[in-house]
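Only one structure is covered here, and it is reproduced in the block below.
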Amino acid sequence: MTNNAQPEEGKRSLNFIEQFVEEDLANGKNDGRIHTRFPPEPNGYLHIGHAKAICLDFGIAERYNGKCNLRFDDTNPSKEEVEYIDSIKADIHWLGFDWEDREFYASDYFGKLYDFATELIKRGLAYIDDQPASLISEQKGTPNKPGIESPYRNRSVEESLDLFRRMNEGEFEEGSRVLRAKVDMTSSNMHKRDPIIYRIMKCAHHRTGDTWKVYPMYDFAHGQSDYFEGVTHSLCTLEFEVHRPLYDWFIDQLKEGDYRPRQIEFNRLNLTYTVMSKRKLLQLVQTGQVLGWDDPRMPSLSGLRRRGYTPASIRNFVDMIGYTKYEAMNDVGLLEFAVREDLNKTATRVMGVLRPLKLILTNYPEGQEEQLETVNNPEDENAGTRLLPFGRELYIEQDDFMEDAPKKFFRLSPGNEVRLKSAYIIKCEDFVKDPKTGEITEVHCTYDPLTKSGSGESRKVKGTLHWVSAKHAIDAEVRLYDRLFVDEEPDGHKDKDFTEFLNPESLERLSNCKLEPSLANAKVEDRFQFTRLGYFCLDSKDSKPGNLVFNRTVPLKDSWGKGNR
RNA sequence: UGUCCGAUGGUGUAAUGGUAACACAGCUGGUUUUGGUCCAGCCGUUCAAGGUUCGAGUCCUUGUCGGACAACCA
């Protein structure tokens, strides 16, 4: 895929990270080696924001013949679970990326990190602090006010060494002591004010079991893990920019040669009408606002997958929005464009009526049936054709009939003609209305046998409708999704909680839908365009043979619906 | 009242000191057996002020506005 902003044909401009990488290559850094990593914490499901990082980490490696590791940053056993590891791996593979044999864990380096921490103590660069969290936090100061030094800061190396060992042997309670790096309590960078690098956690780890009673903090594990793995470019999001000086400080103490990972920060993905933080997404799941992490309304990769989004559409979307240092708000409409663009080329066109209205062809012989040929995809010559059963009684969309139609209504209304897609031109002669409710219950038309599709008949009519044969139609449930929030930036209001902006109409379930019979054989991976309506796929969880459930991925662009009605 | 980072059409990005452009959105029109797709066109942009320069979106200074940072989370 090409970048959206191209200086000229065939020449994609580089983003600022690629430019740095090419500079490093040109300068002969790391012997021309390019090595990245994607470092998720296994404490939740991946969302489309992670996809942006994945595309960059794996994409840079691919582009420059390098490697990209998958490394789970599993330094907090109280929050992390194996279940998440499996889902993360599945999502990355689904997007089309592979880490080969380089599946690593920060916990692989617990031994090395412990030794390094011990070494820091020996060099007088770390100490055990016996104070409670509240005091440590108080002494830390604020961004405007320097911190003050802990009374334990200058305790002896021997004492710290002894305490650290005993902390790991389980001798002390959680929270009673921590190991702190001795950096600078007056630094303007909060992260360098003697950061906590090890804490006591009497908690089994999913990989190391009960080997450890102390666990490194993320800040003490992340940069070093990159170093241990030979990562050349540590790509992460903007909020870690202020952590970089601390990572550099640790690497300064650790490194032996010239090599050190280069951290480059880029903007995270923000989408209109949605929230992206794991915490908020989890809240939606736990409060039942959505039906799980893979609810098709969620921006999680599992949700988007279930909704019908394709890996290609997500990768193209990510490519279109780019990587910068500006905290942007991306229009969710661009994501929808990306999936339409992909599906338009590949999805089989089928007939499906969501809100059925009975249509009777009064001059079509009772009991007669025929099979009409229709193309599977006008955008793909090789997609072939199939047969559609046709008869006297059909269903059309309720929206496609109006008793009193405005001039620009190109569909069915009394006295008007339309074409039934791949079938005949019909004329509306009459209709039946429920006298109590005013609801139209039946439309009566005549068909013109000379206008059969493909017969060469050249008469033109303004409108073409989709339809299904009443006798042959299969029943299905169809779920229509709308954006989860009614506000462009639901978590952008200081005085209001994001849940106040939940869209009560984000899910609409239609249970009486009529589909063409071929859809009885639909498979979960199949993508369809329901003609004139949108793109749909089988729901991977709830659909069963004989009880089909389809999800609408995205509606077709609709220039009629825009303001004409 | 700190440090760091940023600011280009409605949105997102490009232009790497030399004609401000691409995509989406919006609006016209054409084609069409999908009011889709496709095609043609229109709309509209460098935060402000100074400076350097033959020439500044780009470099410098100051200001304005926005974001990040004060978890024994990552």
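Everything in the first sequence is counted per this note's numbering, starting at 332 for the first residue and increasing by one. For each residue, glycine too, the CB sits at the ideal point set by N, CA and C.
- Judged by their CB atoms, glycine 634 and proline 642 are not nearer to each other than the 8 angstroms cut-off.
- Residue pairing for proline 720: DSSP places it in a beta bridge opposite Gln702.
- Contact between the segment 529–549 and the segment 434–444 is present: 3 or more CB-CB pairs across the two stretches fall below 8 angstroms.
- Counting only residues of its own chain and dropping the five nearest sequence neighbours on each side, proline 373 has a CB closer than 7 angstroms to the CB of Phe403, Asp405, Glu411, Glu412, Tyr415, Ile416 and Ile419.
- In this structure, DSSP gives arginine 538 a state outside helix and strand, which the three-state scheme calls coil.
- Straight-line spacing of the CA atoms in glutamate 560 and proline 408 works out to 22 angstroms.
- In the structure shown, isoleucine 652 falls within a helical segment according to DSSP collapsed to helix, strand and coil.
- Taking all protein chains shown into account, glutamate 728 has 16 or more neighbouring C-beta atoms within 10 Å of its C-beta and is therefore buried.
- Comparing C-alpha distances from lysine 791 to each of Glu847, Pro886, Leu692 and Leu781 shows the shortest one belongs to Leu781.
- The alpha-carbon of isoleucine 756 is positioned some 7 angstroms away from that of lysine 783.
- The count of Cβ pairs closer than 8 angstroms, one atom from the segment 665–684 and one from the segment 704–719, reaches three, so the stretches are in contact.
- Under the three-pair Cβ rule at 8 angstroms, the segment 719–734 counts as touching the segment 792–810.
- Residues of the same chain with a CB within less than 6 angstroms of the CB of valine 509, apart from the 5 flanking positions on each side, are Asp460, Ile527 and Arg530 in chain order.
- DSSP places threonine 693 in no beta strand (DSSP E); its state is neither H nor E.
- The shortest C-alpha to C-alpha distance from asparagine 485 to any of Lys453, Val545 and Ser468 is the one to Lys453.
- According to the DSSP assignment, arginine 496 belongs to the alpha helix (DSSP H) that extends over 488–499.
- Counted as a single uninterrupted DSSP element, the alpha helix (DSSP H) harbouring valine 413 occupies residues 413–426.
- Arginine 524 sits buried, since 16 or more C-beta atoms from the chains shown fall within 10 Å of its C-beta.
- Between the segment 685–692 and the segment 650–663 there are fewer than three C-beta pairs closer than 8 angstroms, too few to call the two in contact.
- Per DSSP, glutamate 354 is one residue of the alpha helix (DSSP H) stretching across 347–357.
- Given a length threshold of 3 residues, each whole run of the beta strand (DSSP E) inside the segment 771–807 is given here in chain order: 771–779.
- Going by DSSP, threonine 367 is part of the beta strand (DSSP E) stretching over 366–369.
- Between aspartate 422 and leucine 356, the alpha-carbon positions lie close to 31 angstroms from each other.
- Residue pairing by DSSP leaves cysteine 386 without any beta bridge partner.
- Under the three-pair Cβ rule at 8 angstroms, the segment 485–505 counts as touching the segment 543–556.
- When secondary structure is reduced to three states using DSSP, asparagine 843 falls in the strand class.
- The DSSP-derived three-state label of aspartate 761 is strand.
- Spatial neighbours of isoleucine 691 in its own chain (CB-CB distance under 6 angstroms, excluding positions within 5 residues in sequence) are listed in chain order as Glu724 and His775.
- Burial of threonine 862 is indicated by the presence of at least 16 other C-beta atoms within 10 angstroms of its C-beta.
- The segment 593–607 and the segment 817–829 touch, with three or more beta-carbon pairs separated by less than 8 angstroms.
- Using a Cβ-Cβ distance cut-off of 8 angstroms, the segment 343–363 and the segment 587–596 are in contact, since at least three pairs of beta carbons, one from each stretch, lie closer than that value.
- In the displayed model, proline 642 falls within a helix according to three-state DSSP.
- Here the alpha carbon of alanine 851 sits roughly 14 angstroms from the alpha carbon of valine 809.
- Residues Gly683, Ile805 and Ala807 of the same chain have their beta carbon placed closer than 6 angstroms to that of leucine 846, with the five preceding and five following residues left out of the count.
- The C-alpha of lysine 764 lies about 31 angstroms from the C-alpha of asparagine 878.
- Within 10 angstroms of the beta-carbon of serine 786 lie fewer than 16 other beta-carbons, which makes it exposed.
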